[in-house]
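Residue numbers (my numbering), protein chains in the order written: chain A, 45 to 545; chain B, 919 to 1008. This report concerns only the one structure given below.
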């Protein structure tokens, strides 16, 4: 059996028992990356030497009987929005092209302490702004199920990486759906934990009240394994939760009998692809077969989610991205004498940012600056924060009646690369089913629940109240014991990829 | 607005940006139809409280680490163009 055929849980067990060395395991996935990445562009940087050295040290320790971490020998790909001390970290932006962080993100430190093997950094939309991965300054990612289609975004590189078996698990971040939507479009499982469950320290900030890091993997069980390593309190992130971290992998066995799953009828309104609707309805049937009950619920403010999100997120982004000033790190424009600016320093700021940021990032900075500016603040930003409270209240009310909310993760299967790039608003509407989770700060997971006739994955989303990760993972795992959608692999991928020397 | 955002937009960007932004602002104006008179703003999903820590000195980044990705530095400080004065003097 090849390492790529094993789950992350089985790989870790095989390394611990000595059936597979960490070096063999790492080499198998590195070779897969070398073979497939040229066609898919999921990685911005592969650290072959560092990964093999890490794997070697794990094997040495195992042979000498020293204790190993819970993820020993597990190859992991990390979204390029997380700082890695020994690897470039660009957030897929030209402005950070040559940036080398002086420290590891909290999550990266946790992975290293657990003896995971970090193999590289994955492609993404620039600063995580986008739903197709086409906003990367380093080229789009191709969906492994159809190279002419987008993998979703912004964690499109992480999703495509797992879908193409280039690593068993990957780390993503989700501000408005950036883990769940690409997981859905690539046929894998992705978890956005409750806001604050995983420390954001060392995550390049996009919208700080929405950003959350989470695992992406083949299965819910593998997501549980990674989450129990990366979750937990970090004194370095004042918004990280102090609640104890459960052993998620040990909480999967309990049956679903009596679990109440909410279904929002408005989710099935016009605009939802009929094949997606059918797959989602069938997923509800599977949950019922597992013992859950399904109840129609109202989310009266759901239709305001996208508009609220596209005020809150750009406002926070315009503030967060003010740090890219060409002074301390990142791209600095060369001086071009001009009298259009107040001073040489202001000129340097303005030109560096103009040259370093891509069009979508500029759009969001402009939108956020506008919505926060004097005279418009109340009409836009303050208004959005009020609607945000109404949206959160919808969730609080719904969770009085149900334990989970199910539904589609995106309205269509993977769309064509280039299909939406000319229309920013059309791209924003891709986030319809995912943004409210972040506005409310609750958790959500997506996993495959079928395929279209043309062979594209269909995603199903479950959302739970704050700190409901045990139930999210248990329900998803139960679904995956009754179905095999998550085990399907893109057909002919090996033949379609052109090996890169 | 671009000056406020410290972005020197290129001429070819200005026209597209203006029309795209007015589309987006039109779309988000959907919120106007909701009455939010007695609703408090929610800036943060958690019941946020200030978090304090003891003020204990601890090691921080060294000067060399802090400067490692700087576009220009002199080994001690970040170097930037003149803060005051007319443009073109840098």
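Virtual Cβ for every residue (Gly too), placed ideally from N, Cα, C.
| Item | Value |
| --- | --- |
| Cβ of residue 540 of chain A within 8 Å of any chain B Cβ | no |
| Neighbouring residues, chain A, relative to residue 986 of chain B (Cβ below 7 Å) | 144, 146 |
| Status (buried if at least 16 other CB within 10 Å, exposed otherwise) for residue 1001 of chain B | exposed |
| Per-residue contacts from residue 926 of chain B into chain A (C-beta, under 7 Å) | 394, 395, 398 |
| C-alpha distance - residue 264 of chain A paired with residue 542 of chain A, whole-angstrom precision | 31 Å |
| CA-to-CA distance, residue 356 of chain A to residue 964 of chain B, given in whole angstroms | 16 Å |
| Chain B contacts made by the stretch 480–510 of chain A, where a contact means CB separation under 9 Å | 482, 483, 484, 485, 486, 510 |
| Residues of the stretch 949–973 of chain B whose Cβ lies closer than 7 Å to any Cβ of chain A, in chain order | 949, 952, 954, 957, 958, 959, 960, 961, 962, 963, 964, 969, 971 |
| Segments assigned beta strand (DSSP E), at least 3 residues, entirely inside the stretch 307–364 of chain A | 337–340 |
| Sub-8 Å separation of residue 281 of chain A and residue 243 of chain A beta-carbons | yes |
| Three-state class that DSSP yields for residue 545 of chain A in the structure shown | Bear in mind that a pLDDT of 46 at residue 545 of chain A, under 50, signals an unreliable position, so the number given afterwards is only what the model happens to contain. Residue state, collapsed to three classes: coil. |
| Whole-number beta carbon distance between residue 469 of chain A and residue 945 of chain B, since they are thought to touch under 8 Å | 6 Å |
| Under 7 Å (Cβ pairs) to chain B, residues found in the stretch 221–245 of chain A | 239, 240 |
| Straight-line Cα distance separating residue 254 of chain A from residue 247 of chain A | 12 Å |
| Straight-line Cα distance separating residue 161 of chain A from residue 98 of chain A | 6 Å |
| Within-8 Å CB hit, residue 372 of chain A to chain B | yes |
| Given residue 302 of chain A as reference, the closest of A:519, A:76, A:388, A:78 once Cα atoms are compared | A:519 |
| Cβ-based burial, residue 408 of chain A [other Cβ within 10 Å; buried from 16] | buried |
| Distance between residue 273 of chain A and residue 517 of chain A (C-alpha atoms, nearest Å) | 15 Å |
| Neighbouring residues, chain B, relative to residue 428 of chain A (Cβ below 8 Å) | 946, 949 |
| Local conformation of residue 58 of chain A per DSSP, three classes | helix |
| Whole-angstrom C-beta distance between residue 240 of chain A and residue 284 of chain A, which should lie under 8 Å | 5 Å |
| Residue-level contact to chain B via CB, residue 139 of chain A, 8 Å cutoff | no |
| Separation of residue 375 of chain A from residue 351 of chain A, as counted between CA atoms | 32 Å |
| Opening and closing residue of the beta strand (DSSP E) in which residue 506 of chain A lies | 501–508 |
| Bridge partners - residue 567 of chain A, DSSP secondary structure assignment | Shown here, chain A extends from 45 to 545; a query on residue 567 of chain A therefore has no answer. |
| Option in A:321, A:371, A:395 with minimal Cα separation from residue 477 of chain A | A:321 |
| Residue 927 of chain B burial status per 10 Å Cβ neighbour count (16 or more: buried) | buried |
| Identity of the residue in A:334, A:528, A:373 nearest residue 133 of chain A by Cα | A:373 |
| Contact set between residue 922 of chain B and chain A, taken where Cβ atoms lie within less than 7 Å | 413, 417 |
| Members of the stretch 259–285 of chain A near chain B, C-beta cut-off 7 Å | 279, 282, 283 |
| Pair within 8 Å by beta-carbon distance, residue 159 of chain A and residue 127 of chain A | no |
| Residue 377 of chain A beta carbon less than 8 Å from that of residue 392 of chain A | yes |
| Rounded straight-line distance, which links the Cα of residue 144 of chain A to that of residue 6 of chain A | Residue 6 of chain A is absent from the structure shown; chain A starts at 45 and stops at 545. |
| Alpha helix (DSSP H) runs wholly inside the stretch 56–113 of chain A, at least 4 long, in chain order | 66–84, 92–107 |
| Whole-angstrom distance between residue 925 of chain B and residue 358 of chain A, CA atom to CA atom | 15 Å |
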